[in-house]
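The block underneath contains the structure these notes are about, expressed in structure tokens.
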Amino acid sequence: QKEVEQDPGPLSVPEGAIVSLNCTYSNSAFQYFMWYRQYSRKGPELLMYTYSSGNKEDGRFTAQVDKSSKYISLFIRDSQPSDSATYLCAMSGSYIPTFGRGTSLIVHP
Amino acid sequence: EAGVTQFPSHSVIEKGQTVTLRCDPISGHDNLYWYRRVMGKEIKFLLHFVKESKQDESGMPNNRFLAERTGGTYSTLKVQPAELEDSGVYFCASSHHRGSSTDTQYFGPGTRLTVL
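As you go down the protein sequences, you meet chains A and B in turn.
Using our numbering, the letters of the first sequence correspond one by one to residues 3 to 111.
Using our numbering, the letters of the second sequence correspond one by one to residues 63 to 178.
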């Protein structure tokens, strides 16, 4: 079993839709949870970072962590074509992240 | 502020040849990390430098890989001799604070290595 599971997609949604991206994990030692966004031919860019269970909001983005279920989510409200990218979840117990495979998101006008 | 840069952006070599990848971190960042993504799989950690010292090289796959960071500035990752399974995208990242879990790592665009 992989430490971090993430559906690669692709996930195709119309502009304005609410997007839900998810990851599950198996390692109870993970304490830090991150979401990265990666555009084509670019490196991953940190989007959101959370430590505890619960929700964290930043503009149109909300990160949710449920440690009891070992499940994390990223919600994107009012999705835009510019949100089209690969979204990678990552988590760590220290400073070295363990990444998911990434979910390819396509937001079409 | 210039971001993390990597060179070359793409390298195609034959099995058995040597390739050297370069990473220039963000100026002032003491921490430098190398990662690799093999096609269809996750990004995986290779090693971590703090200035010129190797802090953690637990992710290096074997002794065909040699990473250096002389002078604590740019870093090179040499693969010698390259094998087919070394193909993938090699990312470099840098961060300012010393190995903190809350330290943001800034990634470069990656070097796509193809071994034929």
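Idealized CB from N, CA, C, for every residue including glycine.
Exercise. Of all the residues that make up the stretch 91-109 of chain A, which are near chain B by a beta-carbon distance shorter than 9 Å?
Worked result: Against chain B - using a Cβ distance shorter than 9 Å - the residues of the stretch 91-109 of chain A are Ala92, Ser94, Gly95, Ser96, Tyr97, Ile98, Pro99, Thr100, Phe101, Gly102, Arg103, Gly104.
Problem set entry | Enclosing beta strand (DSSP E) for Phe77/A [first to last residue] | Your numbering for residue 77/A matches position 75 in the first sequence. Counting along the chain, the beta strand (DSSP E) containing Phe77/A begins and ends at 73-78.
For this session: List the whole-angstrom C-beta distance separating Phe169/B from Pro16/A, where the pair is believed to meet the contact cut-off of C-beta under 8 Å.
Result: Residue 169/B sits at position 107 when you count from the first residue of the second sequence. Residue 16/A sits at position 14 when you count from the first residue of the first sequence. No, Phe169/B and Pro16/A are not in contact; Cβ-Cβ is about 30 Å, not under 8 Å.
For this session: Verify the CB distance criterion: does Phe169/B have a CB-CB separation below 7 Å to chain A?
Result: One-based indexing of the second sequence puts residue 169/B at position 107. Yes, its Cβ sits closer than 7 Å to a Cβ of chain A.
Problem set entry | Given 8 Å, three or more beta-carbon pairs between the stretch 74-86 of chain B and the stretch 62-72 of chain A | As far as the Cβ criterion goes, the stretch 74-86 of chain B does not touch the stretch 62-72 of chain A, which means the pair count is below three.
Exercise. Whose C-beta lies closer than 6 Å to the C-beta of Thr88/A among residues of the same chain, with five residues either side of it excluded?
Worked result: Taking the first residue of the first sequence as position 1, residue 88/A is located at position 86. These residues qualify, in order along the chain: Gln40, Gly104, Ser106.
For this session: In the DSSP assignment, find the beta strand (DSSP E) that holds Arg99/B and state where it starts and stops.
Result: Along the second sequence, one-based indexing puts residue 99/B at 37. In this chain, the beta strand (DSSP E) harbouring Arg99/B covers 93-99.
Problem set entry | Cross-strand partners of Gly56/A (DSSP beta bridge) | In the first sequence, residue 56/A corresponds to position 54, counting from 1. For Gly56/A, which the question treats as bridged, DSSP gives the partners Val67/A.
Exercise. What are the boundary residues of the beta strand (DSSP E) that Val16/B is part of?
Worked result: An answer regarding residue 16/B cannot be provided, because it is not within the stretch 63 to 178 covered by chain B.
For this session: For Thr166/B, return the contacting residues in chain A, with the cut-off set at a CB-CB distance below 7 Å.
Result: On the second sequence, residue 166/B is found 104 positions in, with the first residue counted as 1. Per Cβ cutoff of 7 Å: Leu48.
Problem set entry | Interface flag, Lys44/A vs chain B, CB-CB below 7 Å | Within the first sequence, numbered from 1, the residue matching residue 44/A stands at position 42. True, the Cβ-Cβ gap to chain B drops below 7 Å.
Problem set entry | Lys77/B: contacting residues in chain A (beta-carbon distance under 7 Å) | Position 15 of the second sequence, counted from the first residue, corresponds to residue 77/B. In chain order: nothing, as chain A lies at least about 25 Å away.
Problem set entry | Which of helix, strand or coil DSSP assigns to Asp165/B | On the second sequence, residue 165/B is found 103 positions in, with the first residue counted as 1. Of the three classes helix, strand and coil, the one that applies to Asp165/B here is coil, per DSSP.
Exercise. Roughly how many whole angstroms lie between the Cα atoms of Met122/B and Ser71/A?
Worked result: Taking the first residue of the second sequence as position 1, residue 122/B is located at position 60. Taking the first residue of the first sequence as position 1, residue 71/A is located at position 69. Using only the alpha carbons, I get a separation of about 32 Å.
Problem set entry | Chain-ordered chain A contacts of Phe153/B [CB-CB under 7 Å] | On the second sequence, residue 153/B is found 91 positions in, with the first residue counted as 1. Those within 7 Å of Phe153/B in chain A are Gly45.
Problem set entry | Cβ-Cβ distance between Ser86/A and Ile108/A below 7 Å | Translated into positions along the first sequence, residue 86/A becomes position 84. Translated into positions along the first sequence, residue 108/A becomes position 106. Taking 7 Å as the cut-off, the beta carbon of Ser86/A is found closer than this to the beta carbon of Ile108/A.
For this session: Could you tell me whether the Cβ of Glu104/B comes closer than 7 Å to any Cβ of chain A?
Result: What you label residue 104/B is simply residue 42 of the second sequence in a count that begins at 1. At least one chain A Cβ lies under 7 Å of Glu104/B.
Exercise. Could you check where the beta strand (DSSP E) with Gln68/B kicks off and where it finishes?
Worked result: The residue you call residue 68/B lines up with position 6 of the second sequence. Under the DSSP assignment, Gln68/B falls in the beta strand (DSSP E) whose first and last residues are 67-69.
Exercise. Between Cys154/B and Tyr95/B, what straight-line distance do the alpha-carbon atoms span, to the nearest angstrom?
Worked result: Sequence index remark: in the second sequence, residue 154/B carries index 92 (1-based). Sequence index remark: in the second sequence, residue 95/B carries index 33 (1-based). Between Cys154/B and Tyr95/B, the C-alpha separation is close to 6 Å.
Exercise. Buried or exposed: Pro111/A, going by 16 or more other Cβ atoms within 10 Å of its Cβ?
Worked result: As a position in the first sequence, residue 111/A is number 109, starting the count at 1. Pro111/A is exposed by the Cβ-count criterion.
For this session: Spell out whether any CB of chain A is found under 7 Å from the CB atom of Phe127/B.
Result: Within the second sequence, the letter at position 65 stands for residue 127/B. Not one chain A Cβ lies under 7 Å of Phe127/B.
Exercise. So, is Arg43/A buried or exposed, given that buried needs 16 or more other C-beta atoms within 10 angstroms?
Worked result: Position 41 of the first sequence, counting from 1, holds the residue named residue 43/A. Exposed, since its Cβ has fewer than 16 Cβ neighbours within 10 Å.
Exercise. Along chain A, which residues have their Cβ under 7 Å away from the Cβ of Cys172/B?
Worked result: For the purposes of this step, residue 172/B is taken as residue 110 along the second sequence, with counting starting at 1. According to the sequence as given, residue 172/B is Gly; it is not Cys. Within chain A, the residues near Gly172/B are Gly45.
Exercise. Comparing the C-beta of Phe107/B with each C-beta of chain A, is any distance below 7 Å?
Worked result: Counted from its first residue, the second sequence places residue 107/B at position 45. Interface residue, yes.
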